[in-house]
Structures are given as C-alpha cells and as structure tokens.
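**Student:**
Numbering (our numbering), first residue to last: 14 to 398.
#1: Return helix, strand or coil for residue 285, following the three-state DSSP convention.
#2: Here's the rule I'm using: 16 or more other beta-carbon atoms within 10 Å means buried, otherwise exposed. How should residue 242 be labelled?
#3: Note down, one range per segment and in chain order, each alpha helix (DSSP H) of at least 4 residues found wholly within the segment 32-114.
#4: Indicate the three-state DSSP secondary structure (helix, strand or coil) for residue 150 in the structure shown.
#5: How about residue 11 and residue 311: do their beta carbons lie closer than 8 Å?
#6: I need the boundaries of the alpha helix (DSSP H) containing residue 360, first residue and last residue.
#7: Assuming contact is defined by CB atoms lying nearer than 8 Å, are residue 384 and residue 325 in contact in what I supplied?
#8: Does the beta-carbon of residue 71 have 16 or more other beta-carbons within 10 angstroms, so that it is buried, or is it exposed?
#9: Would you list the one or two residues that DSSP bridges to residue 165?
#10: So, residue 403 versus residue 37, is the Cβ gap smaller than 8 Å?
#11: Are the beta-carbon atoms belonging to residue 159 and residue 175 less than 8 Å from one another?
#12: Residue 272 lies in the alpha helix (DSSP H); which residues open and close that run?
#13: Just to confirm the assignment, what range does the beta strand (DSSP E) spanning residue 119 have?
#14: According to DSSP, is residue 240 part of a helix, a strand, or is it coil?
#15: Go ahead and pull the three-state DSSP assignment for residue 319.
#16: For residue 258, I'd like the list of residues in its chain whose CB is within less than 6 Å of its CB, leaving aside the five on either flank, ordered along the chain.
#17: Residue 255 lies in the alpha helix (DSSP H); which residues open and close that run?
#18: Using 8 Å as the threshold, is the C-beta distance between residue 267 and residue 314 below it?
#19: Helix, strand or coil for residue 132 per DSSP?
#20: Suppose you measure from the CA of residue 302 to the CA of residue 276; what does that come to, to the nearest Å?
#21: Which residues in the same chain have their Cβ closer than 6 Å to the Cβ of residue 188, if we skip the five residues on either side of it in sequence?
#22: Is it true that the CB of residue 44 sits closer than 8 Å to the CB of residue 110?
#23: Three or more beta-carbon pairs under 8 Å between the segment 198-214 and the segment 73-88, yes or no?
#24: Thinking C-alpha only, which one of 284, 181, 240 is nearest residue 27?
#25: Could you tell me if residue 120 is buried or exposed, where buried requires 16 or more neighbouring beta carbons within 10 angstroms of its beta carbon?
#26: Is the separation between the beta-carbon of residue 253 and that of residue 238 shorter than 8 Å?
#27: Closer than 8 Å, CB to CB, is residue 174 near chain C or not?
#28: Between which two residues does the beta strand (DSSP E) harbouring residue 350 extend?
#29: Could you say which of 369, 361, 116 lies nearest to residue 339 if we only look at CA atoms?
#30: What does DSSP give as the partner residue(s) for residue 228 in the beta ladder?
#31: If we ignore side chains and look at the alpha-carbon of each, how far apart do residue 317 and residue 348 end up?
#32: Is it true that the CB of residue 361 sits closer than 8 Å to the CB of residue 330?
#33: Out of 274, 272, 132, point me to the one whose CA is closest to residue 206's CA.
#34: Might you give, ordered along the chain, the residues of its own chain that have their beta carbon closer than 7 Å to the beta carbon of residue 287, omitting 5 neighbours on each side?
#35: Give the straight-line distance between the Cα atoms of residue 117 and residue 217, rounded to the nearest whole angstrom.
#36: From this set, 183, 208, 184, which residue's C-alpha is nearest residue 194's C-alpha?
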C-alpha cells in the first residue's frame with residue numbers, strides 16, 4: 014500500500030524526522046491561505062502516487078500567495094503524466110504547499126528489504142534528487158549500503174559511518190545519524206516495504222531535513238495498522254484491483270489485451286512470459302491462489318472480463334488444492350453472470366480434471382482446449398489477431 018507525500022511526512026514527524034512546514038489544499042483559495050501563513054517563497058506540489066512530478070509540471074516554486082493560487086489552480090484537476098503513471102496520467106485532487114528551503118547539499122536515503130540477505134538494507138547516496146536506479150547504473154560508486162541485522166536493528170556507529178561516507182561534515186553527522194536511526198524505527202514499526210527520502214538536504218539554516226517522503230507498506234501486514242489504513246486513497250488505485258482485493262484475489266491490471274486466469278504466482282508469471290513469447294500482450298496478472306473456491310473463481314473471472322481491453326482469455330490451471338471441477342464451476346457461473354463475448358482458451362491439468370472437462374463440455378461456453386502452455390499461448394494470441 015502506498016500513501017501520499019504529505020501523509021508520509023505526518024508519520025515522519027511522529028518519529029522526530031524533520032520536514033518543512035506546510036499544509037495541504039484541495040482548492041486554490043486554500044493554497045493561497047497557506048502561502049500567506051508560511052510567508053516568502055513556497056513550493057506547490059501535486060499529491061499523487063507517482064514519482065517524477067516535477068518533470069510533469071506538478072511541482073511549482075512560487076514567490077507569493079497570488080502565485081501560489083495560480084499554481085494550485087493549474088495543478089489541481091490536471092491529469093499529471095510522469096514516467097511512473099499510465100499514458101493517461103493521474104488526476105490531481107490535492108496539493109501540498111510548503112515553505113521554500115535554501116539547500117546547501119542534497120542526498121538520497123532509503124530502506125528496502127533485501128531478499129538475498131533476508132534483511133533490511135539502508136541505501137544512501139550523495140546524488141540526491143536523482144532517480145536512484147539511474148545513479149546505480151551510471152555512478153555505482155556513489156551508492157552506499159548498510160545491511161541491518163533485524164535482531165539488533167540499525168546501530169549508532171553504522172549510521173554515523175554511513176553519514177561520513179556521504180561526506181556530511183562533522184557538525185551535521187549527529188543530526189544525520191539520528192534521522193537514519195529514526196527512519197529505521199519507523200520502517201520496522203510499520204512493516205514498511207520502502208521508506209525513502211529523496212532528497213534529504215542540508216539547509217542554509219543548518220538543519221538536516223527530509224524534503225520529500227515516500228512510504229510503502231507490506232499489504233500482508235497493513236491490517237495491523239489502523240492509523241495507516243486510514244491514509245488509503247482509493248482514487249489512486251485501479252478500480253478492478255480494488256474489487257479484486259475485496260475477494261482476496263491477486264490481480265494487477267496491465268496494458269495488453271489477453272486476459273489471464275491462473276492459480277499460483279509462479280505459473281501466472283510463466284503464463285505472462287509465454288504469451289509474450291508467442292507474440293501477445295497480457296492484460297493482467299491474476300493469481301486466484303492454490304486454495305480458491307468457486308466464489309473466488311467466479312469473481313476473478315468477472316473482474317477479468319470487466320477490462321474492456323480484453324480481446325481473448327487464457328485460463329491456465331494446475332489442479333492441486335484447487336480442484337479442476339471447482340475451477341470449471343466457477344468459470345461457468347462467472348460467464349453466465351457476466352456474459353462472455355471473447356474467445357477463451359483453457360489449459361487444465363491435475364486433480365479432478367476429467368470432472369472439470371465434463372462440466373465445461375456440458376455448459377454453453379465456447380472455448381478452445383490446449384494440452385500444453387505453448388499451444389495455449391499460440392491459440393489465444395491467434396484469436397487476438
């Protein structure tokens with residue numbers, strides 16, 4: 014789960030991580046009012062769940078309240094397109110108005126979970142304000158990492174050493190190290206998958222400050238944190254993904270035209286790959302899980318068919334815990350409730366496969382059968398042509 018920058022900064026404050034003064038506005042008049050309270054130069058920042066807002070015209074530095082009104086008037090309601098959004102962009106409903114900051118130096122600071130070490134890793138770089146992926150690719154020597162032992166957490170000497178590697182001068186080392194320790198505490202306490210400050214800055218008035226804030230949370234743990242759950246913004250999420258989450262279905266909408274219904278994340282990824290190999294484009298990732306019941310299959314199929322871009326459907330199921338007869342019953346019910354007007358290819362193996370085939374054959378569904386994945390992919394791609 015993602016949250017907005019202004020929401021992340023409110024969490025930062027709880028953990029003693031300094032952020033600029035500011036407030037949010039949903040109307041230009043409110044932005045003007047906030048700018049008056051802050052005085053002098055302010056920054057008006059679009060609030061969407063995507064990076065690259067400045068390049069897309071979603072961040073404006075203004076000199077007075079009147080300019081803040083004009084900037085907010087342009088940003089609020091716009092469809093902001095960045096490298097992290099779809100081509101249509103995301104509609105901006107809120108802006109964050111903050112005090113302008115005199116910046117002496119910029120840094121990158123973030124924490125993620127490293128699968129190889131099965132531990133959190135703090136990543137820091139002197140190339141703040143840039144995309145960290147680009148820094149890692151072009152100037153990897155500027156990337157510094159600390160693997161954090163979950164049994165002990167981030168230790169003070171590790172934070173201080175990391176600050177020194179960034180060439181943070183002596184009088185700022187304690188501030189930077191304390192901020193790093195507080196960021197790790199937040200990361201741990203809220204089961205974050207990402208905690209990022211880009212840029213972390215040293216200001217002209219001698220502060221170490223989080224100029225930006227990004228927090229992502231582990232979906233499997235988020236139910237424990239009611240104070241974070243209230244930050245969920247459904248306007249920022251794909252409607253079909255929201256519907257899928259209500260039925261505990263793993264669904265991610267993509268840009269292709271071949272709908273996929275698969276059980277098991279690994280098989281779902283392999284199915285998407287083989288569709289690409291056959292010259293097609295998957296319209297979604299959809300994993301109904303190993304233990305899906307008839308209701309989940311029905312709802313998954315209806316969600317898949319609700320995507321207007323879907324021109325053909327590939328059902329690829331290996332029946333283990335999920336029996337093939339339950340799958341077939343769910344497909345028949347889903348098709349009858351939603352109506353299916355696109356070609357469908359089914360590849361089904363495993364437990365009760367004969368019973369499943371019989372249910373499908375006795376239905377009104379029109380479908381093609383495939384005996385292996387490559388054949389299934391080639392058939393479904395041919396239907397889209």
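Ideal Cβ placement from N, Cα and C applies to all residues, glycine included.
**Tutor:** Looking at the atomic coordinates:
#1: By 1-based counting over the chain shown, the position of residue 285 is 272. DSSP places residue 285 in helix when its eight states are reduced to three.
#2: If you number the chain shown from 1, residue 242 lands on position 229. Result: exposed.
#3: 41-51, 78-88
#4: For the purposes of this step, residue 150 is taken as the residue at position 137 of the chain shown. Helix.
#5: This structure does not reach residue 11, given that the chain is present from 14 up to 398, and the question cannot be answered.
#6: Counted from its first residue, the chain shown places residue 360 at position 347. Counting along the chain, residue 360 falls outside any alpha helix (DSSP H), though it belongs to the beta strand (DSSP E) covering 357-363.
#7: Translated into the one-based positions of the chain shown, residue 384 becomes position 371. Translated into the one-based positions of the chain shown, residue 325 becomes position 312. Not a contact, by the Cβ cut-off of 8 Å.
#8: Here residue 71 is taken as the residue at index 58 of the chain shown, counted from 1. Its Cβ being crowded by 16 or more others within 10 Å, residue 71 is buried.
#9: To locate residue 165, count along the chain shown from 1; it is residue 152. According to DSSP, which records beta bridges pairwise, residue 165 is partnered with nothing at all.
#10: In this structure the chain extends from 14 to 398, so residue 403 is not present and cannot be described.
#11: Along the chain shown, one-based indexing puts residue 159 at 146. Along the chain shown, one-based indexing puts residue 175 at 162. Yes, the Cβ-Cβ distance between residue 159 and residue 175 is below 8 Å.
#12: Numbered from 1 along the chain shown, position 259 holds the residue referred to as residue 272. Taken as a continuous stretch (DSSP letters only), residue 272 belongs to no alpha helix (DSSP H), being part of the beta strand (DSSP E) at 271-275.
#13: Stepping through the chain shown from its first residue, residue 119 is reached at position 106. First-last of the beta strand (DSSP E) with residue 119: 116-127.
#14: Here the question's residue 240 lines up with position 227 in the chain shown. Residue 240 falls in the helix class under three-state DSSP.
#15: As a first step, residue 319 is located in the chain shown; it is residue number 306 there, counting from the start. Residue state, collapsed to three classes: coil.
#16: To locate residue 258, count along the chain shown from 1; it is residue 245. Within the same chain, residue 258 has no close Cβ partners at all.
#17: Mapped onto the chain shown, residue 255 falls at position 242. Residue 255 -> alpha helix (DSSP H) spans 252-259.
#18: Counting from one through the chain shown, the residue named residue 267 turns up at place 254. Counting from one through the chain shown, the residue named residue 314 turns up at place 301. The answer is no: Cβ separation not under 8 Å.
#19: Reading the chain shown from its first residue, position 119 is the one you call residue 132. Reduced to three states, the DSSP call for residue 132 is strand.
#20: Mapped onto the chain shown, residue 302 falls at position 289. Mapped onto the chain shown, residue 276 falls at position 263. Near 5 Å, if we compare the C-alpha coordinates of residue 276 and residue 302.
#21: For the purposes of this step, residue 188 is identified with residue 175 of the chain shown, where counting begins at 1. The residues are 221.
#22: Start at 1 with the first residue of the chain shown, and residue 110 comes out as number 97. Start at 1 with the first residue of the chain shown, and residue 44 comes out as number 31. A contact, by the Cβ cut-off of 8 Å.
#23: no
#24: Stepping through the chain shown from its first residue, residue 27 is reached at position 14. Checked all of 284, 181, 240; the closest Cα to residue 27 is 240.
#25: Residue numbering aside, residue 120 sits at position 107 when the chain shown is read from its first letter. Residue 120 comes out buried.
#26: On the chain shown, residue 253 is found 240 positions in, with the first residue counted as 1. On the chain shown, residue 238 is found 225 positions in, with the first residue counted as 1. No, the pair does not count as a contact, with Cβ atoms beyond the cut-off.
#27: Among the protein chains of the structure shown there is no chain C, as only one such chain exists.
#28: Position 337 of the chain shown holds residue 350. That residue, residue 350, is in no beta strand (DSSP E); its alpha helix (DSSP H) goes 337-351.
#29: Translated into positions along the chain shown, residue 339 becomes position 326. Ranking the options by Cα distance to residue 339, first place goes to 369.
#30: What you label residue 228 is simply residue 215 of the chain shown in a count that begins at 1. The partner list for residue 228 (beta bridge, DSSP) reads 208.
#31: For this step, residue 317 is matched to residue 304 along the chain shown. For this step, residue 348 is matched to residue 335 along the chain shown. Spanning the two alpha carbons is a distance of roughly 11 Å.
#32: Sequence index remark: in the chain shown, residue 330 carries index 317 (1-based). Sequence index remark: in the chain shown, residue 361 carries index 348 (1-based). Their beta carbons are under 8 Å apart, which means residue 330 touches residue 361 by this criterion.
#33: Mapped onto the chain shown, residue 206 falls at position 193. Taking only the C-alpha atoms, the option nearest residue 206 is 132.
#34: The residue you call residue 287 lines up with position 274 of the chain shown. Around residue 287: 386, 387, 390.
#35: Counting from one through the chain shown, the residue named residue 117 turns up at place 104. Counting from one through the chain shown, the residue named residue 217 turns up at place 204. The straight-line gap from Cα to Cα measures roughly 6 Å.
#36: Indexing the chain shown from 1 puts residue 194 at position 181. Comparing Cα-Cα distances from residue 194 to each of 183, 208, 184, the minimum goes to 208.
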